[in-house]
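Accompanying notes for the structure given below.
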Amino acid sequence: MKYILLITLNFLLLSSVNATTNILFLGDSLSEGQGVDEEQSFPRLVEKNLRAKKYDVTVTNGGVSGSTSASGENRLKWHLKKKTDIVVLELGANDGLRGLKISETEKNLRSIIRLAKDKKIKVLLLGLLMPPNYGKKYTDDFEVMYKHISKVEKIPFMPFILKDVAGIAQYNQADGIHPNARGHEIVALGLTDFVEKNL
Amino acid sequence: MSFINFFWRDFKSDRAFNWFYILCASLGIVGLLMVESFKGGIEDKVSKNAKNFIASDLSISSRRSLDPKEIQAIEDYLAKNKLSFARWIETYSLVSRAGGLEPLSKLADLNFVSEEFPYFGGVVLENSGFRGAGKWIGLHTAPHAWISRDLSWELGVKLGDKLKIGEMEFTIDGVITEDKFSSFRGFSLAPKIFLSYNYLTKTDLIKFGSTATYAYAIKLKPDDNLKKIQAELRTLLPDKSIKIVGPEESSQQIARSLNILSDYLALITLMTYLLSLVGLYYFTQHFLSKKLKTFSIYKSLGLKTTFLFKVSFVHLIVLTITAVIISTSAVVLTLPLLESFFTNLIGDVLLFRLGSLSLIRILLLSLGGSMLALGPLFWGALQTPVATIFQDLPAELKRIRFYYFMPLLIYIIILTIFLSNSFKVGGYFLGSLTVIIILAGLCFKFFTLALEKLAEHLSFVNRHAAKTMSRYFTSSFTIFICLLIGMTLTTFIFQLDSSLRNEFTQTYGDRRPDLFMFDLQDSQSEKYDKLVKNEKWHQTLFAPMIRGRLIKINQELTQKRVEPGEGEFSTREDQSSERMRNRGVNLSYRTKLSWSESVVEGSYNGERCHVGVNPCGISLEQSYAKRLGVKLGDLLFFDVSGIEVVGIVTSLRKVKWISFEPNFFILFQPGVLEEAPKTFLSSFKVKTLGEKREIFAKIAEQFPNVSILDVSEVIKKITTVFDLMALAIKFISLLSLFVALVVLVAVSFNHLDLRSREMTLYHMLGLKLIHIKKIYTREFSFLILLCIILSLVFGSALTMILMRFIFDSDAKLIFSFVASVMVALGLFLYIIVSARVRYLVKRKSLF
Chain A
1 MKYILLITLN FLLLSSVNAT TNILFLGDSL SEGQGVDEEQ SFPRLVEKNL
51 RAKKYDVTVT NGGVSGSTSA SGENRLKWHL KKKTDIVVLE LGANDGLRGL
101 KISETEKNLR SIIRLAKDKK IKVLLLGLLM PPNYGKKYTD DFEVMYKHIS
151 KVEKIPFMPF ILKDVAGIAQ YNQADGIHPN ARGHEIVALG LTDFVEKNL
Chain B
200 MSFINFFWRD FKSDRAFNWF YILCASLGIV GLLMVESFKG GIEDKVSKNA
250 KNFIASDLSI SSRRSLDPKE IQAIEDYLAK NKLSFARWIE TYSLVSRAGG
300 LEPLSKLADL NFVSEEFPYF GGVVLENSGF RGAGKWIGLH TAPHAWISRD
350 LSWELGVKLG DKLKIGEMEF TIDGVITEDK FSSFRGFSLA PKIFLSYNYL
400 TKTDLIKFGS TATYAYAIKL KPDDNLKKIQ AELRTLLPDK SIKIVGPEES
450 SQQIARSLNI LSDYLALITL MTYLLSLVGL YYFTQHFLSK KLKTFSIYKS
500 LGLKTTFLFK VSFVHLIVLT ITAVIISTSA VVLTLPLLES FFTNLIGDVL
550 LFRLGSLSLI RILLLSLGGS MLALGPLFWG ALQTPVATIF QDLPAELKRI
600 RFYYFMPLLI YIIILTIFLS NSFKVGGYFL GSLTVIIILA GLCFKFFTLA
650 LEKLAEHLSF VNRHAAKTMS RYFTSSFTIF ICLLIGMTLT TFIFQLDSSL
700 RNEFTQTYGD RRPDLFMFDL QDSQSEKYDK LVKNEKWHQT LFAPMIRGRL
750 IKINQELTQK RVEPGEGEFS TREDQSSERM RNRGVNLSYR TKLSWSESVV
800 EGSYNGERCH VGVNPCGISL EQSYAKRLGV KLGDLLFFDV SGIEVVGIVT
850 SLRKVKWISF EPNFFILFQP GVLEEAPKTF LSSFKVKTLG EKREIFAKIA
900 EQFPNVSILD VSEVIKKITT VFDLMALAIK FISLLSLFVA LVVLVAVSFN
950 HLDLRSREMT LYHMLGLKLI HIKKIYTREF SFLILLCIIL SLVFGSALTM
1000 ILMRFIFDSD AKLIFSFVAS VMVALGLFLY IIVSARVRYL VKRKSLF
């Protein structure tokens, strides 16, 4: 009996250590890697980096170009058809660029987070900033929104995913918004640490 | 006798020929001149319209801020070349009402412009009308804003109210009801505001991290070479993310339309010219057959053939130059009248252009064609033996060899390629004409044989007419070919006119959308559908849009494994092809194709597919398939939100580029993507401004995430250009038709003149005038009938070939109308011929 228990415990321990962590990046064109090879997009690079650190992770790139926070809940439902352990939420940029009401964006993001929490999925929130040309009030409110969501929903939060990339021509494509392959690498470096801390 | 004396005497003796030659050549040249001047005017007008889009002759724009070195390079170059320029920065920002009103902010497309702006185009302000070049000073004297009417509605503001933009407050000094400029990003996501560049810094909107388009609008001097300046600037600014565009490149649709118009005008110019050449050829042939005896007499008096040929050659040159002078004077005198007519018609100034280069080109064209087409006739006539003098009957022009016309053939080939600027256009046109002539020859042979067999069973008049045609086969065939070419070209002109005007204006009416709406969510679609139905809005499209990424074609991965920093491609084509394969794509599905799409290969399957049995069908837009290197039967694998979806290419589609309908490169068979996360895209046609306001308000209230693009203004700007082109096509077609008509009448008269001796003989032998008239008019009726049928077939076929292979579109044939026109033309010729026969018989000229 003791022998059986030991084997069972050993099996459970091993399976928990060896189980693959499924990470879903639910985002927009930044996650999708618009304008670069999917292999060069930061979700894929994060997967590569984590695997290099011997983590057993599988990343699903759920980035959809042009998507707003309003689409997040439906898209998450679709992805939940397969096992998901962590959702890295990177949405809201297109809401801001289209000047949508910040309260609406917050409502949508929180619905996504609640759906994930209900399914016992960990959510990591990626913050975004609006370009200064959108006006001080709007850009400030937009920044505060992410902090507020993170605080209220008590979820890990990375303040600005494009830190050290946004506004620097050599890391961005001609549109000045989307990172190029080099930009994605820089984003992935910071993001890998953030995800690793929260695995 | 000196050459000049002899030439002058001979020249004077051929008065009738001289006058007719000048008349016929002048008509052809008038056609050419009109086409040339109208082409110049319309191109100028279209180019000016396109200049309005970029407010200048040339624009340099970049979506990243230019670095100091680049700015220095641009401004040094502009200063060195004494080119004036305006600064123009376009950015998006949230603007709100100021001055104690409740806060309400909306996204706006801000345009900060310097005092030199604009060089072309302008805006129409509700309170003070059109503000074009030099009339924008009011914007710069104080912190003023000119805002679009839509924005004034959305914010509930009026003239004199204040807006908070960035860190500054601006007073609304104008409400824009119409603006001629296009956005640097194509369709503007938000209503526009124009502001003075002087206040840009104070708004504090443009700083590190801001997204904006930084542009220079440059005015060129009249004699500056745009292409050269573009090339020089490109050398200074090698980064391709900086766009250096002229007016034509400012809109792909306009550039394409201009190409179509140029190709069309080139073909019409060529046709008008060939028609007049046909007339001249036929008439000269007639003239020479009369002059054969004179040549024989000259030769019997000891004049050499080469001397006589030189005389004839100079004769033709003098006549052609006279025709050019007369027609140019006539056209120059008429142009102001035409200008005022067209200016009234389109409500805008239209100047016809006729440069010295065009005149020289037309003179050379006319001389070249006349010499090469008519020279061989003269040369052949001069080979006639001296013994012809002793013949009792008029001599016949028999000594012309086919190879005499080889230079003419080569000349026409070169001319066609030169005029159309394309081997393809020239090749298709000439190839089709050659096939038509061969087929026409076979048809005519068959027709005359059939008539001859039937002749025994026909009445006297019909029998005689039928037998004459086979008896004088060469002569009848020549007139038949002339008539057929004339009538085929007439059919062609009408059919092409209809097809091209359809191409330019097909988006009119209920089909042209005014509003695009996107980002409607799956969960909102039912509520949205109810709203649209309840409000009875005219929705022109409602399509699901699913984002995916092409991962494999057949079993081959599409993604190139290029490491960051290593991404070098050997050619631009490689790079573009690779980008295409790596990009995310929008997928959709629908049960049937829209009006703007048609299958060009395979078949479209709109039935529901049962996933898992066999791969479901995919329809690809043909040029997209070409760029991907995909053909029917290939398997495409997509990653749709983490799920692999496979489909087989079952059809290739052509999408009407000018439809302005939102279209998809990839359409799946229904049943595959319904469950995938998707958004919906829709387009609307609105009747009134009130309805537009209502749609904006209700959508914003009930679906705040949905974005609306008002595309009516942009589409209107482009379709205005198309209207002009349609008008150009119509006018030039009518002009060519007039030339065709004159040539057809001339050819018919000459043919009858050749037979006048025979007619008089019949009359002297006692045949009644009515019978003689019937014989010749019946012969003509047979010819005209055959020509009507064949010209309808050939002209329409030629239109279909050219529309398909050159204009990459479908022909819009108008058979009943063209058939009516051809019958009317036939009747007209019949009446003219009858009158002419009557006149010739009454003249009783036997010799």
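Chains A and B, in that order, give the protein sequences. Number 190 in our numbering belongs to position 190 of the first sequence; there are no gaps in the numbering. Numbers given in our numbering equal positions in the second sequence, counted from 1, plus 199. Glycine included, every Cβ here is placed at the ideal spot set by N, Cα and C.
Neighbourhood of residue i by C-beta distance below 7 angstroms, restricted to the same chain and skipping five residues each side
{"i": "B:L558", "result": "T527"}
{"i": "B:G365", "result": "S292, T402, D403, L404"}
Three-state secondary structure assigned by DSSP to residue i
{"i": "A:V166", "result": "This sequence places Ala at residue 166 of chain A; Val is not what is there. Note: A:A166 maps to coil in three-state DSSP."}
{"i": "A:S41", "result": "coil"}
{"i": "B:P535", "result": "helix"}
{"i": "B:R214", "result": "helix"}
{"i": "B:K884", "result": "strand"}
{"i": "A:L24", "result": "strand"}
{"i": "B:G640", "result": "helix"}
{"i": "B:S264", "result": "coil"}
Residues near residue i by beta carbon distance below 6 angstroms, same chain, minus five either side
{"i": "B:Q429", "result": "I443"}
{"i": "B:G445", "result": "L257, L425"}
{"i": "B:Y727", "result": "L719"}
{"i": "A:L162", "result": "none"}
{"i": "A:E104", "result": "none"}
{"i": "B:E1062", "result": "Residue 1062 of chain B lies beyond the range of chain B shown here (200 to 1046); nothing can be said about it."}
{"i": "A:T20", "result": "D56, T58"}
Beta-carbon contacts of residue i that lie in its chain and below 8 angstroms, excluding the five residues immediately before and after
{"i": "B:L653", "result": "A665"}
{"i": "B:L534", "result": "S236, F551, L553"}
{"i": "A:V195", "result": "I23, V46, L50, I86, V88, L124"}
Residue j beta carbon less than 8 angstroms from that of residue i
{"i": "A:L50", "j": "A:G72", "result": "no"}
{"i": "B:F863", "j": "B:S911", "result": "no"}
{"i": "B:Q582", "j": "B:T998", "result": "no"}
{"i": "B:L657", "j": "B:S669", "result": "no"}
{"i": "B:I273", "j": "B:T412", "result": "no"}
{"i": "B:V1032", "j": "B:F979", "result": "yes"}
{"i": "B:L827", "j": "B:I752", "result": "yes"}
{"i": "B:L518", "j": "B:A224", "result": "yes"}
{"i": "B:L1001", "j": "B:Y627", "result": "yes"}
Backbone CA spacing between residue i and residue j [nearest angstrom]
{"i": "A:S15", "j": "A:L199", "result": "Unreliable placement is indicated for A:S15, whose pLDDT of 42 sits below 50; the coordinate value is still reported in the next sentence. Distance between the alpha carbons of A:S15 and A:L199 is about 16 angstroms."}
{"i": "A:I121", "j": "B:F836", "result": "30 angstroms"}
{"i": "B:A416", "j": "B:D308", "result": "18 angstroms"}
{"i": "B:Y220", "j": "B:L479", "result": "7 angstroms"}
{"i": "B:G240", "j": "B:L537", "result": "11 angstroms"}
{"i": "A:Y138", "j": "A:M130", "result": "8 angstroms"}
{"i": "B:G816", "j": "B:M716", "result": "28 angstroms"}
{"i": "B:A414", "j": "B:F252", "result": "13 angstroms"}
{"i": "B:V1022", "j": "B:R1035", "result": "20 angstroms"}
{"i": "B:E777", "j": "A:G33", "result": "Note that B:E777 scores a pLDDT of 49, beneath 50, so its modelled location is shaky and nothing firm can be said."}
{"i": "B:T770", "j": "B:R262", "result": "Only weak support is given to the placement of B:T770: the predicted model assigns it a pLDDT of 43, under 50, and the question is left unresolved by the model."}
{"i": "B:K391", "j": "B:I346", "result": "6 angstroms"}
{"i": "B:P903", "j": "A:G135", "result": "20 angstroms"}
{"i": "B:K877", "j": "B:K735", "result": "25 angstroms"}
{"i": "A:L133", "j": "B:K406", "result": "For clarity, residue 133 of chain A is Asn in the given sequence; the question names Leu instead. Their backbone Cα atoms lie some 8 angstroms apart in a straight line."}
{"i": "B:K1093", "j": "B:S697", "result": "Any property of residue 1093 of chain B remains undetermined from this structure, which presents chain B solely from 200 to 1046."}
{"i": "B:L872", "j": "A:H148", "result": "36 angstroms"}
{"i": "B:S722", "j": "B:N733", "result": "19 angstroms"}
Heavy atom of the ligand ADP within 7 angstroms of residue i beta-carbon
{"i": "B:A414", "result": "For the ligand ADP, the structure offers nothing, since it holds no ligand at all."}
Every unbroken beta strand (DSSP E) within the segment 648–692 of chain B, with a cutoff of 3 residues, ordered by chain: Counting whole runs of 3 or more residues, the segment 648–692 of chain B contains no beta strand (DSSP E) stretch at all.
Which parts of the segment 777–851 of chain B are runs of the alpha helix (DSSP H), unbroken and 4 residues or longer, counting only runs that do not cross its ends? 821–827
3-residue-minimum beta strand (DSSP E) runs that sit fully inside the segment 83–159 of chain A, ordered along the chain: 86–90, 122–126
Starting from the N-terminal side, write out each stretch of the beta strand (DSSP E) that is 3 residues or longer and does not extend beyond the segment 286–328 of chain B. Within the segment 286–328 of chain B, the runs of beta strand (DSSP E) that reach at least 3 residues and sit entirely inside it are, in chain order, 304–312, 322–324.
Where in the segment 339–394 of chain B do unbroken runs of the beta strand (DSSP E), each at least 3 residues long, occur, reported from the N-terminal end onward? 343–347, 361–364, 367–378
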